[in-house]
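Chains as they are written, first to last, in this note's numbering: chain A, 42 to 201; chain B, 42 to 201.
Beta carbons are placed, not taken as given, at the ideal position from N, Cα and C, and that holds for glycine.
In what follows, a structure is listed as C-alpha cells, so that the remarks can point back to it.
2 protein chains.
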Amino acid sequence: ARPKVGYFYSGKTALNFFSDQIKNIKVSDIKSVPVIVDEETTVYDAIVTLFLEDVGTIFVVSDGLLTGVVSRKDFIKSAIGGVEINKVPVGVIMTRMPNIVVVESHESILTAAEKIIEHEVDSLPVVEKCEDNGKMGYKVVGRISKTNITRVFVDLAHND
Amino acid sequence: ARPKVGYFYSGKTALNFFSDQIKNIKVSDIKSVPVIVDEETTVYDAIVTLFLEDVGTIFVVSDGLLTGVVSRKDFIKSAIGGVEINKVPVGVIMTRMPNIVVVESHESILTAAEKIIEHEVDSLPVVEKCEDNGKMGYKVVGRISKTNITRVFVDLAHND
C-alpha cells in the first residue's frame, strides 16, 4: 500500500526537535541587565538597590571584576542576625568567588537552566573572562534567572 | 511527482506539538509541598520556617483557609523597617486576600507559568475551593514556583 503522505509525529521525535531548538537559544538572546554593586557598598545600600531594581540577586565587584553574589536570603540573615547593616560592607556577607556558578553568553539557555537547578540558585551572572594586569577574572555582562527561563517557556508554548 | 514519504518538520509545527504537550502537563503533576504558617505566627518564627524549608514564599492561613502570602521581600522590609519581628504576627506584613494569585491542580503548567510572569510573583499557592460554615475560601494543597517550571524545562529538553 502506498504510505500516507504527510505528518507523522511521535512525541519522542517532536521533543527531540524541541530539545534542539532550546539548545540553539543562547544566553545572550535572553539575558537581563545585571545589577552590580561594589564590595565596599554597605549592606543597607545594597538592600535599597535590591528593591529599586526589583531583583533577587546582586552581583558584587571589586576593580570591575566579579568577587561575589548576594541574595535575598543573605540579606534576611544579616538583618535579623544583628549585622550593623549601615556600616558593614556587602563584601562581608556575600558568597565569595570561587564559590559562584557563572555562565557565558555563548552557552545555551538549557545549560543555564541546568546550572540553576543543579546548584539551587535563583540566578547566574553572565560573565566574560578577562585579564587585568596578569590577574584573570570575570567581567559581569548580564544576568539570567528562573524568571528568564519561565518567560522562554511561556514564549515557546505560545509560538504556534 | 510522487511526494516524498516520511518526516517533514517546520519549526512552527513542532512547536505546536510542544505547546500541546505543555498544555497536557497539569499543576498536579509537578506541584511541591506548600509551606504554611498560621496568621498568628510571629514574623521571626516565619523567617525561621522560611530557612528551615528553604522556600522563597510562605502561605498564611487562618482557620485552615488561605488568608495571605509572605515573601522574602516582605521579610527584608520588615527586618530593616523597625518591625518588632519577635512580637508582630506575620498577618500584619503579608499580602492579603483577595490580592493573591492562585492556581488549581487541574490547570496546566502553562497557565501557572503565565500567571507567574504576568503578576511578577515567584510562586503560586495551589488551592482547592471549599466552603466552611457558608464561608467560601481556599484550602492550600500545593505550591508551584519558577523552580518547578525551570525543572520541567530541563526535563523536557532531556526527553530525547
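Partners in chain A for residue i, counting only beta-carbon separations shorter than 7 Å
i	result
ALA120 (chain B)	ILE117, ALA120 and ILE121
GLU80 (chain B)	Within chain A, no residue comes near GLU80 (chain B); the closest Cβ sits about 20 Å away, beyond 7 Å.
ILE88 (chain B)	ILE117 and ILE121
ILE126 (chain B)	ILE121
Per-residue burial, residue i [other beta carbons within 10 Å of its own, 16 or more giving buried]
i	result
LYS114 (chain A)	buried
THR92 (chain A)	For the record, residue 92 (chain A) in the displayed sequence is Phe; it is not Thr. Exposed, since its Cβ has fewer than 16 Cβ neighbours within 10 Å.
MET135 (chain B)	buried
GLY123 (chain A)	exposed
ASN189 (chain B)	buried
VAL102 (chain A)	buried
PHE49 (chain A)	A caution first: PHE49 (chain A) carries a pLDDT of 49, below 50, which makes its placement in the model too unreliable to give a value.
LYS176 (chain A)	exposed
ASP163 (chain B)	buried
VAL89 (chain B)	exposed
Candidates the options: closest to residue i by CA position
i	options	result
VAL167 (chain A)	A:SER60, A:VAL74 and A:ILE66	A:VAL74
LEU151 (chain A)	B:VAL195, B:GLN62, B:ASP70 and B:LYS72	B:VAL195
VAL84 (chain B)	A:SER60, A:ASN200 and A:ILE117	A:ILE117
CYS171 (chain B)	B:ASP95, B:ASP61 and B:ASP104	B:ASP104
GLY97 (chain A)	B:GLN62, B:HIS199 and B:GLU161	B:GLU161
Beta-carbon proximity list for residue i, same chain, < 7 Å, skipping 5 on both sides
i	result
ALA120 (chain B)	ILE126
LEU165 (chain A)	VAL142, VAL143, VAL144, ALA153, LYS156, ILE157 and ILE185
ARG192 (chain A)	none
Where residue i meets chain B, residues with beta-carbon distance less than 7 Å
i	result
ARG192 (chain A)	ILE158
ALA154 (chain A)	THR191, PHE194 and VAL195
LYS187 (chain A)	LYS187, THR188 and THR191
Close-in-space but distant-in-sequence residues of the same chain around residue i (CB under 6 Å, 5 per side omitted)
i	result
GLY132 (chain A)	GLU80
SER69 (chain B)	SER146
Chain-ordered chain B contacts of residue i [CB-CB under 8 Å]
i	result
SER164 (chain A)	Within 8 Å Cβ-Cβ: nothing; SER164 (chain A) doesn't reach chain B, min ~10 Å.
Cut-off 8 Å between Cβ atoms - residues of its own chain near residue i, not counting five sequence neighbours on either side
i	result
PRO169 (chain B)	Note that residue 169 (chain B) is Glu in the sequence shown, not Pro. Contacts found: GLU145, SER146, TYR179, LYS180 and VAL182.
GLU148 (chain A)	LYS67 and VAL68
Per-residue contacts from residue i into chain A (C-beta, under 9 Å)
i	result
LYS114 (chain B)	LEU91, PHE92, ASP95, GLY97 and ARG113
9 Å Cβ cut-off: residues of chain B touching residue i
i	result
LEU151 (chain A)	PHE194, VAL195, ALA198 and HIS199
_Three CB pairs or more closer than 8 Å across the segment 105-123 of chain A and the segment 69-89 of chain A_ = yes
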